[in-house]
Amino acid sequence: MNLILLEPGDFQSADSASPRAARLAQVRGRRLQHILEVHRADVGDVLKVGMLDGEIGEGVVLQRDESGITLDVSLHRAPPPPLPLTLILALPRPKMLKRTIQHATALGVKKLYLINSYRVEKSYWQSPWLAVEQLREQCLLGLEQAVDTAMPQLELRKRFKPFVEDELPAIAADSLKLVAHPGTDTPCPVDIDQQTTLAVGPEGGFIPYEVEKLQEAGFQSVHLGPRILRVETALPVLLSRLFPGR
Ligand code: SAM
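FYI, our numbering numbers position 239 of the sequence shown as 236, with every residue one higher than the one before it.
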C-alpha cells in the first residue's frame, strides 16, 4: 500500500465550518492495520494519501490508537494520467482474475470489459470474486499499489457475439483495435500515441471464430513473440510495450 486511499466518509467533519476540522480523516480497518503494521507510523509522521477519484497529497498523523488514526490531510496534485486504452479481457479463472484486475488497475487501465469466450469455463461466471464489492476491492489494491486514485470502470458481458457485434463497434470507435493472439504474423506495435482498444484472450486462447469476429469488427491480430504467456503476464507485457513510460 503505497498510498492511503481516503473516501468522503472518512472525513468525519466534512460539514464543519472549521476548515481544519474538514481536513481531518479517520482511518480504520484494513488501512489502519497496514499503517500500524507496515508503515509503523507514529504521531507526526507524514503518509502519502489520496482521495478516491480525487487528488493526491499528504496526511500528517495527529493521533493513533488501536481503533483508528486521525490524519490531517492536504491534497494538491493530480493522479497519474490514465492509459488511453479500453481493455477487453476474456474472463480469467477466479484466482487469476484477482491478480489481473490488480495489475490492470496498477498499470493505469480505466475501462475494462470482462467478456465471455468459448474457452471461458461457465463456472467462472459464478465466482464470488465477480461481486461488485470484490471487484472494487481488487481495484483499490491496484490503486494503492500504483499511487493512483481514479477508480476504473468495470463491465461484465456474458455473451461474446452480441457484445462484439452490437457494442464493440461503438466502444472501439476511432481507436486502434488490437487483439493479442499468439502465432499471428504481426508483432504488437511499440510506443503508440493513440487511443487503443485491446482484446486479450482466455487461458486457452480465442477460438478461430472469435478472432474472425474481432477482425470483422476491425481488430488486427498481434503477437508478442514465440513465447506464450499467461494472461497475467501477457497483460503487463502488452501494456508496457504499447505505452512505455506511462
Ligand atoms: N494456447 C493459447 C493460444 O495459443 O492462443 C494460449 C492463450 S494465452 C495463455 C492467453 C492470452 O494471452 C492469449 O489469448 C493472448 O491474448 C495473450 N497472449 C499470451 N501470449 C501471447 C503472445 N505470445 N502473443 C500474443 N498474445 C499472447
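The beta-carbon is built from N, C-alpha and C at its ideal position, and this holds for glycine as well.
Quick one: Cα of residue i to Cα of residue j, how far?
i: Asp62; j: Arg17; result: 21 Å
i: Lys155; j: Gln99; result: 21 Å
i: Gln142; j: Asn(-1); result: 5 Å
i: Leu234; j: Arg96; result: A quick correction: the sequence has Val, not Leu, at residue 234. Distance between the alpha carbons of Val234 and Arg96 is about 15 Å.
i: Lys158; j: Pro78; result: 32 Å
i: Lys174; j: Ala22; result: 43 Å
i: Ile189; j: His36; result: 38 Å
i: Lys107; j: Leu82; result: 8 Å
i: Ala92; j: Gln191; result: Looking at the sequence shown, residue 92 is not Ala but Lys. Spanning the two alpha carbons is a distance of roughly 32 Å.
i: Ala87; j: Glu164; result: 15 Å
i: Arg243; j: Leu236; result: 9 Å
Helix or strand or just coil, what does DSSP make of residue i?
i: Thr146; result: coil
i: His178; result: coil
i: Tyr286; result: The chain is shown from -2 up to 243; residue 286 falls before or after that span and cannot be answered.
i: Thr183; result: coil
i: Arg74; result: strand
i: Glu200; result: coil
i: Val117; result: coil
i: Ile168; result: helix
i: Ile32; result: helix
i: Arg90; result: coil
i: Lys210; result: helix
i: Ser218; result: strand
i: Gly26; result: helix
i: Val46; result: strand
i: Val57; result: strand
i: Leu80; result: coil
i: Glu244; result: This structure leaves residue 244 out entirely; the chain is present only between -2 and 243.
i: Ile189; result: coil
i: Leu140; result: helix
i: Glu4; result: coil
i: Glu134; result: helix
i: Ile225; result: coil
i: Arg154; result: strand
i: Leu232; result: helix
i: Leu68; result: strand
i: Leu173; result: strand
i: Leu247; result: The question about residue 247 has no answer, for the chain in this structure spans -2 to 243.
On the criterion of 16 or more Cβ atoms from any shown chain inside 10 Å, does residue i qualify as buried, or is it exposed?
i: Pro166; result: exposed
i: Tyr110; result: buried
i: Glu34; result: exposed
i: Ile225; result: exposed
i: Gly6; result: exposed
i: Asp171; result: exposed
i: Gln9; result: exposed
i: Glu213; result: exposed
i: Leu44; result: buried
i: Leu80; result: buried
i: Glu207; result: buried
i: Gln150; result: exposed
i: Gly198; result: buried
i: Gln123; result: exposed
Flag this pair as yes or no: are the beta carbons of residue i and residue j separated by less than 9 Å?
i: Val70; j: Leu2; result: no
i: Pro179; j: Gly202; result: yes
i: Ala101; j: Leu127; result: no
i: Arg27; j: Ser64; result: no
i: Leu138; j: Met148; result: no
i: Ile168; j: Thr193; result: no
i: Glu118; j: Arg90; result: yes
i: Val176; j: Ser120; result: no
i: Leu72; j: Gly51; result: yes
i: Pro186; j: Leu221; result: no
i: Ile53; j: Gln60; result: no
i: Ala231; j: Phe216; result: no
Ligand 2 and residue i: does any heavy atom of the ligand fall closer than 8 Å to the residue's C-beta?
i: Thr193; result: What this structure holds is ligand 1, not ligand 2.
Between residue i and chain D, is any beta-carbon pair separated by less than 9 Å?
i: His178; result: Absence of chain D from the displayed structure is noted, only one protein chain being present.
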